[in-house]
Amino acid sequence: MFTGIVETVSSVVSLIKRQNLFVLALKKPGDFNDVKIGDSIAVDGVCLTVTSVKGGAFHFDLMKETLEATSLKALRPGVPVNLERAMKAEARVGGHFVTGHVDAVGKIKDVRTLLNYVEYRILCPKGLMRYVVPKGSVALDGISLTVGEVKKRWFAVYFIPHTLTVTTIGKKKAGDEVNIETDLLAKYILKSRS
Numbered sequence: 075m076f077t078g079i080v081e082t083v084s085s086v087v088s089l090i091k092r093q094n095l096f097v098l099a100l101k102k103p104g105d106f107n108d109v110k111i112g113d114s115i116a117v118d119g120v121c122l123t124v125t126s127v128k129g130g131a132f133h134f135d136l137m138k139e140t141l142e143a144t145s146l147k148a149l150r151p152g153v154p155v156n157l158e159r160a161m162k163a164e165a166r167v168g169g170h171f172v173t174g175h176v177d178a179v180g181k182i183k184d185v186r187t188l189l190n191y192v193e194y195r196i197l198c199p200k201g202l203m204r205y206v207v208p209k210g211s212v213a214l215d216g217i218s219l220t221v222g223e224v225k226k227r228w229f230a231v232y233f234i235p236h237t238l239t240v241t242t243i244g245k246k247k248a249g250d251e252v253n254i255e256t257d258l259l260a261k262y263i264l265k266s267r268s
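Right, here's the structure in full:
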């Protein structure tokens with residue numbers, strides 16, 4: 075379980091294809107010294123398990139399903155990624171409950187820079203829009219956000235300058251992909267009504 079408060083940005087060292095999986099290596103951030111084999115780290119919002127720590131890098135095994143269901147398939151050496159370690163039970167939840175189980179890959183429809191904030195409009199797969207509600211929560215590339223305007227095929231989120239500089243989202247533009255995880259509570263509420 076995560077909070078959607080990105081701790082740091084790292085970069086891809088390599089993504090190597092092996093039989094039935096890919097091995098992803100990410101540069102180990104200096105303040106992640108407590109991470110060990112078996113720990114969960116959200117990488118651009120995708121919950122991955124650390125399989126080894128060596129050569130100044132974390133290594134993760136990615137199944138084919140993970141690559142097909144997320145934007146991680148586009149990773150290349152040097153590409154930056156958002157990182158968050160799994161939350162501790164006694165810690166504050168600064169964002170919202172994020173599982174790291176990405177629902178779909180969306181696309182940035184457009185980016186509007188306004189006074190002291192930036193609006194991103196996100197194209198979302200049709201079936202997923204039922205879980206996106208105004209003032210509800212959503213995670214994009216692992217970033218906890220509050221949903222703004224909601225239309226038939228897209229929704230808006232808003233970023234303060236700080237978030238744009240401490241995560242990878244500030245470098246993304248119209249047409250770029252983002253991992254979408256909708257609000258866990260919305261899923262359970264709608265499931266209980268069916």
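Numbers 75 to 268, taken from our numbering, label the letters of the sequence shown in order.
C-beta: ideal position from N, C-alpha, C; glycine also.
How would you write the range of the beta strand (DSSP E) that Thr239 sits in, first residue to last?
Here Thr239 belongs to no beta strand (DSSP E); instead the alpha helix (DSSP H) covers Pro235 to Val240.
To which residues of the same chain is Asp118 closer than 6 Å at the C-beta, ignoring the five residues directly before and after it?
Excluding sequence neighbours, Asp118 sits near Val155, Asn156, Asp215, Gly216 and Asn253.
Looking at C-alpha atoms only, which residue of Gly169, Val185, Leu122 and Phe132 is the closest neighbour of Glu251?
Nearest option by C-alpha distance: Val185.
Take every Cβ of the segment 173–187, pair it with every Cβ of the segment 100–107, and state whether three or more of those distances are shorter than 8 Å.
Judged by Cβ distances under 8 Å, the segment 173–187 makes no contact with the segment 100–107, as fewer than three pairs qualify.
Please list, in chain order, all residues of the same chain as Thr125 whose beta carbon is under 7 Å from its beta carbon, the five residues on each side excluded.
Within the same chain, Thr125 has close Cβ partners Ile111, His133, Phe134 and Asp135.
Pick helix, strand or coil for Met75, following the three-state DSSP scheme.
Correct three-state label for Met75: coil.
Ignoring anything shorter than 4 residues, give me the alpha helix (DSSP H) runs that lie fully in the segment 147–224, in order along the chain.
Here no run is fully enclosed.
Which residues in the same chain have their Cβ closer than 8 Å to the Cβ of Met161, if we skip the five residues on either side of it in sequence?
Taken in chain order, the residues that qualify are Met75, Phe76, Thr77 and Val167.
Taking DSSP as the reference, what is the three-state secondary structure of Lys110?
DSSP places Lys110 in coil when its eight states are reduced to three.
Going by beta-carbon coordinates alone, are Val192 and Phe233 separated by less than 8 Å?
Cβ distance < 8 Å, so Val192 and Phe233 count as in contact.
Taking Glu255 as part of the beta strand (DSSP E), name the residues at either end of that continuous run.
Glu251 to Thr256 is the extent of the beta strand (DSSP E) around Glu255.
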